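K.L.:
Take 265 as the starting number for the sequence shown in the numbering used here and just add one per residue. Every residue, glycine too, gets a C-beta built ideally from N, C-alpha and C. Remember, it's a predicted structure, so these values are computed and weren't measured experimentally.
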Amino acid sequence: MKKALALVLVLLIALTSSAFAADKLGFLPPAMTSPFYASCIEGATPVADALGYELEILAPPSEDDYATQTSMMEDFITQGVKGIAVCGINLDALIPAIKKANEAGIPVVMFNTITELEGADVYAYSGYNQYNGGAKIADWVNEKMNGEAVVAIIEGLPSDYTTQRMGGFVDKCKESYPGITVVATQPGDWVREKGMNAAMDMIQAHPEINVIYGLSDEMALGAVQACKQLNRDDIICVGLDGNPNAKEAVKSGELDGTLDCGPVAIGANAIKALADAIDGVERTDKIIEAETTVVDSTNVDQFL
């Protein structure tokens, strides 16, 4: 009887453990370099909890570590999670891992992008229009500088994110704002220190610069540090992400603006979409788009 009871208990524990494993969702940012992804997690976690899923979060150590992100994606597949939400470092590089998830019957939702992939089955894309976001920043710069500006852009790593955020700004200026000129661009790899170094290099090479657009808040905050070191309080610095620390910097007057991209909503929408995929809900539109707003001294209190 004791042996039989012990066997039953072992089986119950095994079944319970497998049930918990089956109720996991994988959440995979490109890294945790930017507070943007902490905000995505802030949105995703309570939704997962409310829907009865455990959210397992993995992230590579840096935003250029494609190999580790792919390996983590494969770890989720091996675990047999019910679904995976991923923000790819490089979208094309992630396609083989997404295909493996497809073969395993695990639905995939991309977050922080609305660029649809070819060659892999993605259930939905939760993000914002990064090209339009760049254009909104161009509108803001034009208004802030009364139609005349000499701009430097701090780029991220080569990716669709850099292409869209910079392209939206540059194209809008070419189309609508002839008085705004981009005289320099340099990569900052999404990192504050590299953003600071890029800003210092460009300011020293082009002292006429009076606006720096960082394609992420962290790089824009690096530009703020560069301007302080070079005693250039005449330069306007603007970023993109709408991170809490960037909004605080806007409030204090250090950063002039940031694009709020709705990261909490992006994370929440990604998990809602995964739950729909698991439940077999068919989508006619794969894009779930969050609203964006330029935050500056005139409206920052609404966003804190």
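Between which residues of its own chain and I352 is the CB-CB distance below 8 Å, once the five residues before and five after are set aside?
P.N.:
Walking along the sequence shown from the start, residue 352 turns up at place 88. According to the sequence shown, residue 352 is Gly rather than Ile. So the qualifying residues of the chain are P294, Q333, L358, M374, T377.
K.L.:
For the beta strand (DSSP E) that contains P451, what are its first and last residues?
P.N.:
As a first step, residue 451 must be located in the sequence shown, where it is residue number 187. Run containing P451: 444-451, per the beta strand (DSSP E) assignment.
K.L.:
Check whether the Cβ atoms of A302 and L319 sit closer than 8 Å, and answer yes or no.
P.N.:
As a first step, residue 302 must be located in the sequence shown, where it is residue number 38. As a first step, residue 319 must be located in the sequence shown, where it is residue number 55. Contact flag unset, no.
K.L.:
Considering just the uninterrupted stretch of the alpha helix (DSSP H) at T332, what are its terminal residues?
P.N.:
Numbered from its first residue, the sequence shown carries residue 332 at position 68. 330-343 is the extent of the alpha helix (DSSP H) around T332.
K.L.:
Just the Cα atoms here: how many angstroms apart are E553 and I530?
P.N.:
Here residue 553 is taken as the residue at index 289 of the sequence shown, counted from 1. Here residue 530 is taken as the residue at index 266 of the sequence shown, counted from 1. Rounded to the nearest angstrom, the two C-alpha atoms are 8 Å apart.
K.L.:
Note down the Cα distance separating G383 from I551, rounded to an integer number of angstroms.
P.N.:
On the sequence shown, position 119 is the one that residue 383 refers to. On the sequence shown, position 287 is the one that residue 551 refers to. Distance between the alpha carbons of G383 and I551: 17 Å.
K.L.:
Report the rounded CA-to-CA distance for L355 versus R547, giving the unit in angstroms.
P.N.:
Sequence index remark: in the sequence shown, residue 355 carries index 91 (1-based). Sequence index remark: in the sequence shown, residue 547 carries index 283 (1-based). Approximately 22 Å, taken between the alpha carbons.
K.L.:
Compare the Cα-Cα distances from N563 to each of S516, Y392, A323 and report the closest residue.
P.N.:
For this step, residue 563 is matched to residue 299 along the sequence shown. That would be S516, whose Cα lies nearest to the Cα of N563.
K.L.:
Compute the Euclidean distance between the alpha carbons of A469 and D565, then round it to the nearest angstrom.
P.N.:
The residue labelled residue 469 in the question sits at position 205 within the sequence shown. The residue labelled residue 565 in the question sits at position 301 within the sequence shown. Cα to Cα, A469 sits roughly 36 Å from D565.
K.L.:
Just to confirm before moving on: does the CB-CB distance between D520 and I500 stay below 8 Å?
P.N.:
As a first step, residue 520 is located in the sequence shown; it is residue number 256 there, counting from the start. As a first step, residue 500 is located in the sequence shown; it is residue number 236 there, counting from the start. Yes; because the gap between Cβ atoms is below 8 Å, this pair is in contact.
K.L.:
Please classify L479 as buried or exposed, where buried requires at least 16 neighbouring CB atoms within 10 angstroms.
P.N.:
In the sequence shown, residue 479 corresponds to position 215, counting from 1. Result: buried.
K.L.:
Nearest-angstrom Cα distance between P451 and E472?
P.N.:
Reading the sequence shown from its first residue, position 187 is the one you call residue 451. Reading the sequence shown from its first residue, position 208 is the one you call residue 472. Cα to Cα, P451 sits roughly 20 Å from E472.
K.L.:
In three-state terms, what does DSSP make of T427?
P.N.:
Working through the sequence shown from its first residue, we reach residue 427 at position 163. Helix at T427.
K.L.:
Do A534 and A365 count as a contact pair if the criterion is CB distance below 8 Å?
P.N.:
Residue 365 sits at position 101 when you count from the first residue of the sequence shown. Residue 534 sits at position 270 when you count from the first residue of the sequence shown. Taking 8 Å as the Cβ cut-off, A365 and A534 do not qualify as a contacting pair.
K.L.:
Given this structure, state the Cα-to-Cα distance separating K408 from K536, to the nearest angstrom.
P.N.:
The sequence position of residue 408 within the sequence shown is 144, counting from 1. The sequence position of residue 536 within the sequence shown is 272, counting from 1. Whole-angstrom Cα-Cα distance: 38 Å.
K.L.:
For V414, which residues of its own chain have a beta-carbon under 6 Å away from its beta-carbon, when the five flanking residues on both sides are left out?
P.N.:
The count along the sequence shown starts at 1 and reaches residue 414 at position 150. Hits under 6 Å: T445, V447, E472, I473, N474.
K.L.:
Select from G344, L289, F300, D287 the residue whose C-alpha is nearest the C-alpha of P527.
P.N.:
As a first step, residue 527 is located in the sequence shown; it is residue number 263 there, counting from the start. Per the Cα distances, F300.
K.L.:
What is the rounded straight-line gap between the Cα of T556 and the Cα of D498?
P.N.:
On the sequence shown, position 292 is the one that residue 556 refers to. On the sequence shown, position 234 is the one that residue 498 refers to. For T556 and D498, the distance between alpha carbons rounds to 27 Å.
K.L.:
If you drop the 5 nearest sequence neighbours on each side, which residues of the same chain put their C-beta closer than 7 Å to that of A490?
P.N.:
On the sequence shown, position 226 is the one that residue 490 refers to. Cβ within range, chain order: M460, A463, M464, I467.
K.L.:
Please return the same chain residues whose Cβ sits closer than 6 Å to the Cβ of A483, not counting the five positions on each side in sequence.
P.N.:
On the sequence shown, position 219 is the one that residue 483 refers to. Note on residue identity: the sequence assigns Met, not Ala, to residue 483. Within the same chain, M483 has close Cβ partners I418, G452, G459.
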